[in-house]
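For the record, in the sequence shown the residue sitting at position 263 is 286 according to the numbering used here, with numbers rising by one throughout.
Take a look at the structure set out below.
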Amino acid sequence: MLKLTVKNFGVLKDIDIELNKTNLFIGDNGSGKSTLAKLITVLTDFTIDEDEIIKRLKNFNIDFLNKECFIQLKEDDKLIIEIIGLIVNFSSARKEVHQKIKHLEHSILMSKIVDDVKDDKLEIFLNSLLKDDSFKNDEKAKKNLTKICENSEYRNQLSNTDKTINILKSKYIPAERNLISLFNQSLSNMISAEIPLPKTLLEFSAHYNSARNEIKELDILGMKYKNENFQDRIYYEDANSLALENSSSGIQSALPLYLTLKYFSTKHENIIIEEPELNLYPQSQIDTVKFMIENRQESFLSIMTHSPYILSVLNVLIFAYKASNTNEILKDKISMIIPKEQQINPDEFSAYIVENGISKSIKGKSTGMIQSNVIDDIGDMIDDEFGELMEIYREFKSDK
24 MLKLTVKNFG
34 VLKDIDIELN
44 KTNLFIGDNG
54 SGKSTLAKLI
64 TVLTDFTIDE
74 DEIIKRLKNF
84 NIDFLNKECF
94 IQLKEDDKLI
104 IEIIGLIVNF
114 SSARKEVHQK
124 IKHLEHSILM
134 SKIVDDVKDD
144 KLEIFLNSLL
154 KDDSFKNDEK
164 AKKNLTKICE
174 NSEYRNQLSN
184 TDKTINILKS
194 KYIPAERNLI
204 SLFNQSLSNM
214 ISAEIPLPKT
224 LLEFSAHYNS
234 ARNEIKELDI
244 LGMKYKNENF
254 QDRIYYEDAN
264 SLALENSSSG
274 IQSALPLYLT
284 LKYFSTKHEN
294 IIIEEPELNL
304 YPQSQIDTVK
314 FMIENRQESF
324 LSIMTHSPYI
334 LSVLNVLIFA
344 YKASNTNEIL
354 KDKISMIIPK
364 EQQINPDEFS
374 AYIVENGISK
384 SIKGKSTGMI
394 QSNVIDDIGD
404 MIDDEFGELM
414 EIYREFKSDK
């Protein structure tokens, strides 16, 4: 299990959290959830080095490192990354892993180039590369290059290694995904006009296009998505369809989430999602959470939300797991309501409220579920206001 400590990083004043297989963060606007989501994305990407961490923080617009800053990421009490002030430090084990990844990435790149060379030209290609300055005095690199060129089985192994490296990359699904339907249509014009675009949105747009090219059809909230002639269309029950940009705001937010989650889950270990409830009716929020849990496969999932409905449905999925493991008869009956793939093991779940840059666990120690008072407090706020209104109204009526 990963443990993350953050102090004095932007709005994040005192964060002390455990990152589990499923993680829930709730908090008010401006509480620091978005900064935390981006920071988790950067720190849990095990393919980047110290310098790239700083670059990624800037790309995410969270380059808040300062002299008072302290960030620490541990796994099972073993240090992975530590940032003190403006200095980023990796553990020796993390440095070693990164060096191996960089070496493998270079080999994989060479392998892809070699795959494009015709067999009868390989020897000429190899000899020309070996004369290059980058290989001339490096016997280990020469040996590896020769192996790549002469051994097709080794190239296949490198292809599989490429997939393994991809797993170590964390992926972020931003709240701004609802802009994708319009953004993709005019992207080339915006780039030509040199309009400054957020790098995170550009990156997500590229991932979305990769997802839609791989996943041509998908069921979404009682409708069906189809990629037809490079156009995203939403089909309704009456067989009528609309282009995505003409669909409801909820669908424009949900489709990029559904597609990229399904795409990422087969390729990456960590997925971080902001506001899955965006523009969605409560029932659609519930359906979306169930979709995320069921389709994330083995990926670790972090969810940033404002919605009490998200908390409630997560509790249902946790309770379904707990009840299912009571006995076999219950397991079968419960799976008819909540399929096994949607159930959440409470031992693999963390939940936090973030208030004014400070984190506090809201997971019940005995139940493993989100504490009911956290959900009830939201309802109490509404009840209190309603009570005040009723009191004023009754006083008015009695005066009459």
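Note that CB positions come from ideal geometry on N, CA and C, so glycine has one too.
Alpha carbon of residue i to alpha carbon of residue j, nearest angstrom
i: E260; j: Q394; result: 39 Å
i: K194; j: A229; result: 12 Å
i: A262; j: D39; result: 50 Å
i: K144; j: E119; result: 36 Å
i: G387; j: L191; result: 31 Å
i: F113; j: K354; result: 45 Å
i: A374; j: E237; result: 33 Å
i: S389; j: Y248; result: 42 Å
i: I430; j: S271; result: The requested residue 430 is not part of the displayed model; the chain covers only 24 to 423.
i: F83; j: R417; result: 52 Å
i: P369; j: L132; result: 41 Å
i: N348; j: D100; result: 30 Å
i: V34; j: N350; result: 46 Å
i: K36; j: T311; result: 31 Å
i: K97; j: E105; result: 9 Å
i: K186; j: D155; result: 29 Å
i: D74; j: M246; result: 44 Å
i: V397; j: Q306; result: 20 Å
i: Y344; j: K363; result: 8 Å
i: K135; j: E371; result: 38 Å
i: T169; j: Q180; result: 15 Å
i: K356; j: E300; result: 29 Å
i: F342; j: C172; result: 55 Å
i: Y258; j: L152; result: 53 Å
i: T28; j: Q95; result: 5 Å
i: Y332; j: Q308; result: 7 Å
i: T64; j: E146; result: 43 Å
i: V424; j: L149; result: This structure does not reach residue 424, given that the chain is present from 24 up to 423, and the question cannot be answered.
i: V140; j: M327; result: 47 Å
i: N252; j: R235; result: 11 Å
Selection from the options that minimises the alpha carbon distance to residue i
i: Q254; options: D68, S264, G245; result: S264
i: G273; options: Y258, L303, I294; result: L303
i: L15; options: K165, T67, N379, L62; result: Outside the displayed range of the chain (24 to 423) lies residue 15, so it cannot be described from this structure.
i: S233; options: T283, K186, I203; result: T283
i: L224; options: K313, L202, S358; result: L202
i: I361; options: F314, S134, Q308; result: F314
i: Q366; options: Q306, K44, Y375, L280; result: K44
i: K26; options: V34, N396, L42, L35; result: L42
i: Q275; options: T28, N46, S204; result: S204
i: T289; options: Q320, N179, K165, S182; result: Q320
i: N174; options: V137, I257, G33; result: V137
i: L278; options: L244, N252, I295, S182; result: L244
i: S325; options: K36, S57, L340; result: S57
i: L280; options: E251, L241, I49; result: L241
i: N89; options: K78, I110, E105, V65; result: I110
i: F227; options: E251, L168, I295; result: I295
i: Y231; options: E199, Y258, E298; result: E199
i: N167; options: D139, D86, E128; result: E128
i: E297; options: I257, F48, K30; result: F48
i: L59; options: D86, D72, K78; result: D86
i: H291; options: I188, K141, T184; result: I188
i: H126; options: K163, G108, N318; result: K163
i: I107; options: K30, A346, H329; result: K30
i: E91; options: I147, F32, D72; result: F32
i: D72; options: N183, E414, A116; result: A116
i: M24; options: T184, P331, F323; result: F323
i: Y286; options: M327, L340, K239, N252; result: K239
i: N338; options: T28, M392, N150; result: M392
i: L340; options: M359, T70, M327, H329; result: M359
Bridge-paired residues (DSSP) for residue i
i: D255; result: N250
i: N46; result: S325, S373
i: L427; result: Here the chain comprises residues numbered 24 to 423, so residue 427 is not present and cannot be evaluated.
i: V29; result: I38, I94
i: S384; result: Y375
i: D242; result: K247
i: I360; result: In DSSP, I360 forms no bridge with anything.
i: I393; result: K386
Short CB-CB distance (under 7 Å) between residue i and chain B
i: A374; result: Considering every chain present, this structure includes no chain B. It has just one protein chain.
Alpha helix (DSSP H) runs wholly inside the stretch 272–356, at least 4 long, in chain order: Fully enclosed alpha helix (DSSP H) runs of 4 or longer: 272–287, 305–318, 331–347.
Every unbroken beta strand (DSSP E) within the stretch 74–130, with a cutoff of 3 residues, ordered by chain: As far as the stretch 74–130 is concerned, its whole beta strand (DSSP E) runs of at least 3 residues are 93–98, 101–107, 110–113.
Counting beta carbon pairs with one atom in the stretch 374–385 and one in the stretch 46–58, are three or more of them shorter than 8 Å? Judged by Cβ distances under 8 Å, the stretch 46–58 makes contact with the stretch 374–385, as three or more pairs qualify.
Minimum length 3: unbroken beta strand (DSSP E) runs contained in the stretch 172–205: If only complete runs of 3 or more residues are kept, the stretch 172–205 shows the beta strand (DSSP E) at 194–196, in order along the chain.
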